[in-house]
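In order, the protein sequence lines correspond to chains A and B. As numbered in our numbering, residues 200 to 962 make up the first sequence, in order. As numbered in our numbering, residues 7 to 164 make up the second sequence, in order. Just so it is clear, CB atoms sit at the ideal spot from N, CA and C, and this is done for glycine as well. Being a predicted model, the structure only gives us computed values, none of them experimental. Right, one structure below, let's go through it.
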Amino acid sequence: MNPLYVGKSIPRLDGLEKVTGRAVYSVDLALPGMLHGDILRSPLPHARILEVDLSEARKVPGVKVAISGRDFPFMFGGMIKDQPFLAIDRVRYIGEPVAAVAGESELACQEALTKIRVRYEELPAVFDPRDALAEGAPLLHEGQENYTRFGPFESVPGTNICSTSTYALGNVQAGFEAADEIFTDEFYSHAVAHSPMEVHAALAQYSPDTDSYTVWSPTDGPHRRAKELSDALGIPINRIRFISMYSGGGFGGKGTLVAEGLAVAMARFSKGRPIKVVFTREAELTASQTRHAAIIRLKTGMKQDGTFTARQADIVWDKGAYASKGPDVAKRGSLTVFGPYRIPNLELVSRLVYTNKEIAGAYRGFGTIQVTWACEAQMDIIAEKLGMDPLEIRLKNCMQEEDLYINGQVMRGVGSKETLLKASQAIGWGQAKSSPNGSRRRGMGIATTLKPTVTPSDSYCLIKVSMDGSVTLLSSSVEVGAGQKTILAQIAADTIGVPLHSISVPHSDTSIAPFDFGVTSSRTTFHMGNAVRDAGGKVRRKILEWAQDVLKTDAARLNLIEGKILEEGVGERITLQALLAKIYQRGGSLLEVGHYSSAQSASLQASPDLQYMSSIFWMFATHAAEVEVDTQTGIVKVLKIAAAHDVGKAINPALCEQQIEGSVIMGLSNALLEEFKMKNGRILNDTLADYKLASMMDIPEIIPILVETGHAEGPFGAKGVGELAAAPTAPAIANAIFDAVGVRIRDLPLTPEKILKALREKK
Amino acid sequence: MKILIELTVNEELCRLEVEPQQTLLEVLREALHLTGTKEGCGLGDCGTCMVLIDGKPVNACLMLALDAQRHQITTIEGLDNRGGLHPLQQSFIDAGAVQCGFCTPGMILSAKALLDINPRAGKEEIKKTLSGVLCRCGSYPKVIEAVLAAGEKMKGGH
Chain A
200 MNPLYVGKSI PRLDGLEKVT GRAVYSVDLA LPGMLHGDIL RSPLPHARIL EVDLSEARKV
260 PGVKVAISGR DFPFMFGGMI KDQPFLAIDR VRYIGEPVAA VAGESELACQ EALTKIRVRY
320 EELPAVFDPR DALAEGAPLL HEGQENYTRF GPFESVPGTN ICSTSTYALG NVQAGFEAAD
380 EIFTDEFYSH AVAHSPMEVH AALAQYSPDT DSYTVWSPTD GPHRRAKELS DALGIPINRI
440 RFISMYSGGG FGGKGTLVAE GLAVAMARFS KGRPIKVVFT REAELTASQT RHAAIIRLKT
500 GMKQDGTFTA RQADIVWDKG AYASKGPDVA KRGSLTVFGP YRIPNLELVS RLVYTNKEIA
560 GAYRGFGTIQ VTWACEAQMD IIAEKLGMDP LEIRLKNCMQ EEDLYINGQV MRGVGSKETL
620 LKASQAIGWG QAKSSPNGSR RRGMGIATTL KPTVTPSDSY CLIKVSMDGS VTLLSSSVEV
680 GAGQKTILAQ IAADTIGVPL HSISVPHSDT SIAPFDFGVT SSRTTFHMGN AVRDAGGKVR
740 RKILEWAQDV LKTDAARLNL IEGKILEEGV GERITLQALL AKIYQRGGSL LEVGHYSSAQ
800 SASLQASPDL QYMSSIFWMF ATHAAEVEVD TQTGIVKVLK IAAAHDVGKA INPALCEQQI
860 EGSVIMGLSN ALLEEFKMKN GRILNDTLAD YKLASMMDIP EIIPILVETG HAEGPFGAKG
920 VGELAAAPTA PAIANAIFDA VGVRIRDLPL TPEKILKALR EKK
Chain B
7 MKILIELTVN EELCRLEVEP QQTLLEVLRE ALHLTGTKEG CGLGDCGTCM VLIDGKPVNA
67 CLMLALDAQR HQITTIEGLD NRGGLHPLQQ SFIDAGAVQC GFCTPGMILS AKALLDINPR
127 AGKEEIKKTL SGVLCRCGSY PKVIEAVLAA GEKMKGGH
């Protein structure tokens with residue numbers, strides 16, 4: 200049966216609420232008896248806390264809660280339990296929460312914060328991960344080996360190395376010996392802010408009677424956050440209930456406990472009154488999370504004909520003060536430094552290093568953005584030296600269907616080559632340059648990449664059919680803005696055979712909807728989509744069985760389309776509503792559980808002991824950019840970006856295009872405009888006037904291109920798109936700058952100052 | 007010290023007591039429960055709190071509630087108060103100009119201010135006018151499409 204909804208650009212289900220302003224976000228929520236929560240943050244990058252005196256703060260009228268870390272002495276962390284809710288005896292970055300107050304009004308809280316006295320003993324701080332690796336560097340986490348670790352994340356005791364991993368395949372030394380040319384380059388990918396338009400915000404309420412918490416939040420993984428709180432507080436998961444709200448943008452930044460943990464800590468002391476915590480934009484920029492900065496050294500051996508002989512990669516990730524999701528960024532994210540290329544011998548050393556700075560966490564791309572920057576910039580350095588066309592060298596080396604990934608997994612649904620061809624074609628690759636006169640020069644650049652998804656992981660859902668035939672899909676795949684609700688409803692409607700408008704997809708509530716790993720790693724369409732296929736298939740079969748009994752015919756002759764039961768050769772027999780009226784004469788509901796786990800897939804098979812590196816699907820993308828560089832000012836104007844993405848199958852093409860366009864803009868903004876200005880651990884540009892995000896004036900023409908290779912195990916062949924999408928943008932722009940003016944910038948961001956300096960040095 | 011003020015919001019006269027230092031944004035969101043107007047920065051940098059004052063776009067976080075008296079204030083909630091959606095709202099849905107939705111009210115109101123004066127506004131004028139509203143999802147290309155499409159409809163005398 201041809202799907203009626205899948206594959207079509209159905210307008211998003213949340214569109215109406217959002218264009219009318221009726222969509223409710225965490226920042227909009229007000230509960231009876233609610234108190235405002237506010238945070239006192241550390242003014243120092245590294246210090247011992249000698250005393251926190253809250254006595255005067257507690258006297259401020261209207262203030263109901265004033266606590267410090269000692270009052271709530273728990274540690275949390277989804278990968279490494281290294282982070283206090285409020286600093287306990289030590290602060291490790293400027294902006295770290297030290298004390299918290301909750302009161303009847305924001306003004307009362309602000310007054311109370313001014314009355315908290317904290318005595319610190321300042322400690323030497325370290326801001327550059329290279330300095331933090333040096334012998335004798337001040338240590339952030341002495342005794343870190345004693346932290347609980349949820350995964351194979353090896354620390355190096357007595358150092359600032361939070362986690363380290365290595366990987367090797369073949370023999371790199373032999374590979375380098377066989378090379379005609381060896382390229383050694385160092386690249387730097389800078390820290391950037393997630394900066395969603397909605398700052399971090401959460402509400403929490405504690406029930407002293409049941410020792411349980413309810414948290415309202417936009418977090419992208421409510422079940423994992425509940426588990427993290429459970430692990431931290433030592434109470435069962437069912438005493439922590441996360442109710443999801445619309446998310447005003449996350450991009451990875453809402454994938455750990457940020458405002459949630461602070462609200463929970465205060466709620467424990469507010470005698471049942473709910474606490475609302477809303478970050479300021481200043482706190483959002485300086486004390487939430489950032490993308491990990493990374494220093495990436497690549498040594499690559501090449502044959503004169505443009506084939507690889509070996510690559511050695513050494514990556515140092517700037518962790519900031521606490522682990523967050525860094526250990527997995529550094530472990531899995533590092534692997535894509537080998538690109539979508541056939542490289543016979545390789546070696547990787549990845550180190551994640553604590554520094555006295557804002558915490559770095561998951562950021563759209565999960566490390567792939569950083570390593571793609573290095574991989575794809577070096578690819579053009581290699582092409583230039585070997586006298587090859589940048590497109591040609593990529594086409595020559597890119598992975599093809601059924602190639603082996605570096606762990607021996609057979610890769611299927613490999614659209615690498617097709618994205619290269621389509622993006623280059625759309626930009627007019629190889630056509631003569633048409634630089635305008637004067638100081639401006641035009642150029643084109645290309646960059647390609649691949650990304651795995653978190654594997655294995657699980658999604659569960661419930662589908663409930665009410666007695667009138669209306670359908671409720673209970674899933675914890677949060678609507679973060681990418682259209683999760685719409686896509687899942689499309690899949691459900693086509694799987695069951697009911698109209699799209701008969702399906703409602705409420706926000707997740709962890710006390711009702713079953714476990715989902717989270718809206719992360721571009722996994723929702725594939726994983727939750729498959730869970731919906733599972734539950735929807737069961738619902739459909741049950742309905743057709745009932746129809747068989749009621750209509751006294753063979754189920755094999757029956758079909759359910761758009762809520763109507765049709766019989767082969769007869770036509771419509773009964774509506775779903777009329778059928779259920781017969782089945783549920785005294786009321787009732789049909790409930791089915793859907794489950795998908797990638798763990799059992801045969802496609803994950805790999806070399807012995809290396810299956811952990813396999814991915815259930817692989818995303819591929821190529822961006823081709825055309826830029827104009829003003830050689831007088833160093834200013835880069837991006838004219839056009841063609842972005843081709845292998846999405847497997849577009850469940851909703853318009854939503855896929857949104858992800859691609861949005862990522863190109865984010866990638867461009869990160870690469871050209873954004874940079875934290877730091878002094879002694881303090882972020883100086885803490886407003887959106889000084890920390891620049893791309894506005895509508897900064898965008899080029901964007902050509903989104905969907906490549907649909909199909910995936911045998913994906914729902915209707917779908918894979919994912921959103922995470923990978925920004926990764927090739929920065930190197931495509933940098934490569935285009937080189938094409939235009941012949942200067943190679945190795946350190947992000949691509950500022951006019953760096954370009955001018957490079958132009959002067961070139962002369 | 008609270009002061010009694012009168013505000014005309016979405017053609018409705020509201021009488022309420024405010025603190026003199028309260029911004030229009032605070033009063034709209036907290037006293038009048040019009041939470042469609044968002045706060046993204048509180049400093050006039052992001053445009054998510056855009057409202058119309060006598061038809062002109064203003065960051066509500068930068069205006070005192072006191073100063074908004076004797077003006078016609080339009081928030082996103084006032085756009086569909088005659089029943090149907092405003093052409094801009096419909097175009098935003100149709101063109102896929104909405105992602106997380108947090109900037110959407112500001113975008114729509116900013117566009118309304120422009121199209122009310124010039125429904126024939128072209129791409130460059132739209133870009134220039136709407137650049138005061140930031141969108142991290144990067145919905146810009148489809149917002150431009152939506153505004154162009156709404157302009158077409160509004161030329162017809164909506």
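Can you find a C-beta in chain D that's less than 8 angstroms from the C-beta of residue i?
i	result
B:K148	The question asks about chain D, but that chain is absent: this structure's protein chains are A and B.
Whole-angstrom Cβ separation of residue i and residue j, contact assumed at under 8 angstroms?
i	j	result
A:A367	A:T508	That belief does not hold up - the Cβ atoms of A:A367 and A:T508 are roughly 15 angstroms apart, past 8 angstroms.
A:A842	A:A820	7 angstroms
A:A492	A:H389	5 angstroms
A:S720	A:E481	That belief does not hold up - the Cβ atoms of A:S720 and A:E481 are roughly 30 angstroms apart, past 8 angstroms.
A:G560	A:G532	No, A:G560 and A:G532 are not in contact; Cβ-Cβ is about 12 angstroms, not under 8 angstroms.
A:E907	A:G861	About 20 angstroms; that fails the 8 angstroms criterion.
A:H844	A:A931	Their Cβ separation, rounded to whole angstroms, is 13 angstroms, which puts A:H844 and A:A931 out of contact at 8 angstroms.
A:S429	A:I436	5 angstroms
Comparing C-alpha positions only, which one of the options sits nearest to residue i?
i	options	result
A:I904	A:C855, A:I936, A:I944, A:A401	A:C855
A:Y795	A:R722, A:S633, A:G866, A:R348	A:R722
A:G236	A:D748, A:S633, A:A298	A:A298
A:T618	A:G505, A:L649, A:A222	A:L649
A:L883	A:R221, A:H245, A:I293	A:I293
A:G965	A:H726, A:D889, A:D938	Chain A is shown from 200 up to 962; residue 965 of chain A falls before or after that span and cannot be answered.
A:I360	A:T886, A:Y521, A:G637, A:V552	A:V552
A:R269	A:E255, A:E250, A:I279, A:V259	A:E250
B:L85	B:E18, B:L30, B:A71, B:Q75	B:E18
A:D708	A:A691, A:A286, A:G420	A:G420
Could you spell out the range, first to last residue, of the beta strand (DSSP E) harbouring residue i?
i	result
A:L585	Element bounds for A:L585: not the beta strand (DSSP E) but the alpha helix (DSSP H), 567-585.
A:L234	234-240
A:K518	507-519
A:T365	360-368
B:H77	Taken as a continuous stretch (DSSP letters only), B:H77 belongs to no beta strand (DSSP E), as it is neither H nor E.
A:C660	657-665
Ignore the nearest five residues each way along the sequence and tell me which others in residue i's own chain have a CB closer than 7 angstroms to its CB.
i	result
A:G374	G500, T508, A509, P543, N544
A:G607	A805, S806, L809
A:K217	none
A:V476	G236, A400, A401, A458, L461, A462
A:D513	R496, V548
8 angstroms is my cut-off, CB to CB: does residue i come that close to chain A?
i	result
B:D86	yes
B:G48	yes
B:H151	The amino acid occupying residue 151 of chain B in the given sequence is Glu; His does not appear at that position. False, the Cβ-Cβ gap to chain A never drops below 8 angstroms.
B:P26	no
B:E45	yes
B:G23	Reading the sequence as shown, one finds Glu at residue 23 of chain B and not Gly. False, the Cβ-Cβ gap to chain A never drops below 8 angstroms.
B:L70	no
What span of residues does the alpha helix (DSSP H) with residue i cover, start to end?
i	result
A:F441	It is not in any alpha helix (DSSP H) - A:F441 instead sits in the beta strand (DSSP E) that spans 439-443.
A:L958	951-961
A:T685	683-695
Cutting at 6 angstroms between CB atoms, please list the residues of its own chain near residue i, excluding the five before and the five after it.
i	result
A:K839	E825, P899, E900
A:G833	P951, I954, L955
A:V371	A509, Q511, N544, E546
A:D946	Y387
A:I690	G728, V731, P914
Measure from the C-beta of residue i to each C-beta in chain B and report whether the shortest distance is under 8 angstroms.
i	result
A:G420	no
A:E873	no
A:P395	yes
A:Q831	no
A:P242	no
Excluding the five sequence neighbours on either side, which residues of its own chain have a C-beta within less than 8 angstroms of the C-beta of residue i, listed in chain order?
i	result
A:I381	F375, K498, T499, G500, M501
A:K741	L789, E791
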